[in-house]
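Chemist: This is the structure I want to talk about, given as structure tokens.
Quick look at the structure:
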């Protein structure tokens, strides 16, 4: 157990963002001594789980953690699409990365989760600027486990997530 906060919230001119500290593991690095592209997907997954799944007994979670994660819930969260734009190599560091999350869109049964993977808060420049290593988007669809059909977002989910809605990521290198 660490003393790291599970999440912090920041209100920016672009909207409210959830900051999830995600520590790196030595195994996340590749032969070039930076985070491997497949490991980046795992880091984003870890941030999503911490941000959205309800906490267990004695655990602390952000206000966005409203999804029941147990198999007994009958709800699946399936990934429909993911996109990552790498802006700089992520070197190994002991301080956790600052994964910033918000919602680009809340659909009928889906959510568009937007991320910026940033350098650790502890290593920010004096003016607070951080290196943005990657920007990413994940479309998550809520599905009924028994039928495989999409399930509508509940009012409680919308209430928890709407304050974190902002502009979706516009990728620079699309053709």
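Numbering (my numbering), first residue to last: 966 to 1140.
Virtual Cβ for every residue (Gly too), placed ideally from N, Cα, C.
Just so it is clear, the structure is predicted and the values come from calculations on it, not from any experiment.
1. Cβ atoms of residue 1110 and residue 1036: under 9 Å apart, would you say?
2. Less than 8 Å between the CB atoms is what I'm expecting for residue 1065 and residue 982, so what's the real figure, rounded?
3. Tell me which residue opens and which closes the alpha helix (DSSP H) that residue 1014 is part of.
4. Check for me: the alpha helix (DSSP H) holding residue 1126 runs from which residue to which?
5. With three or more C-beta pairs closer than 8 Å as the rule, is the stretch 1070-1081 touching the stretch 1114-1130?
6. Give the single residue among 1063, 993 and 1054 whose Cα lies nearest to the Cα of residue 984.
7. I'd like to know if the stretch 1112-1120 and the stretch 1049-1056 are in contact, where contact means that at least 3 CB-CB pairs between them fall below 8 Å.
8. Pick from 1058, 1097 and 1043: whose alpha carbon is nearest that of residue 1078?
9. Check each candidate in 1091, 972, 1137 and 1084 and name the one with the smallest Cα separation from residue 1014.
10. Quick one: grab the DSSP three-state call for residue 1038.
11. Identify, in the order they occur along the chain, each residue of the same chain with its Cβ nearer than 7 Å to the Cβ of residue 1061, setting aside the five sequence neighbours on each side.
12. Where does residue 1077 fall in DSSP's three states?
13. Please name the residue in 1002, 1029, 1097 and 1057 whose C-alpha comes closest to that of residue 1121.
14. Per DSSP, what are the beta-bridge partners of residue 1065 in this structure?
15. If you run the structure through DSSP and keep just helix, strand and coil, what is residue 975?
16. Are the CB atoms of residue 1100 and residue 1134 within a distance shorter than 9 Å?
17. Does residue 1088 come out as helix, strand or coil in the three-state DSSP assignment?
18. Please state whether DSSP places residue 995 in a helix, a strand or coil.
19. So the beta strand (DSSP E) residue 1103 belongs to, where does it begin and stop?
Modeler: Working from what's here:
1. yes
2. 5 Å
3. 1002-1017
4. 1120-1126
5. yes
6. 1063
7. no
8. 1043
9. 972
10. helix
11. 969, 986, 987, 988 and 1085
12. strand
13. 1029
14. 984 and 1081
15. strand
16. yes
17. helix
18. coil
19. 1097-1109
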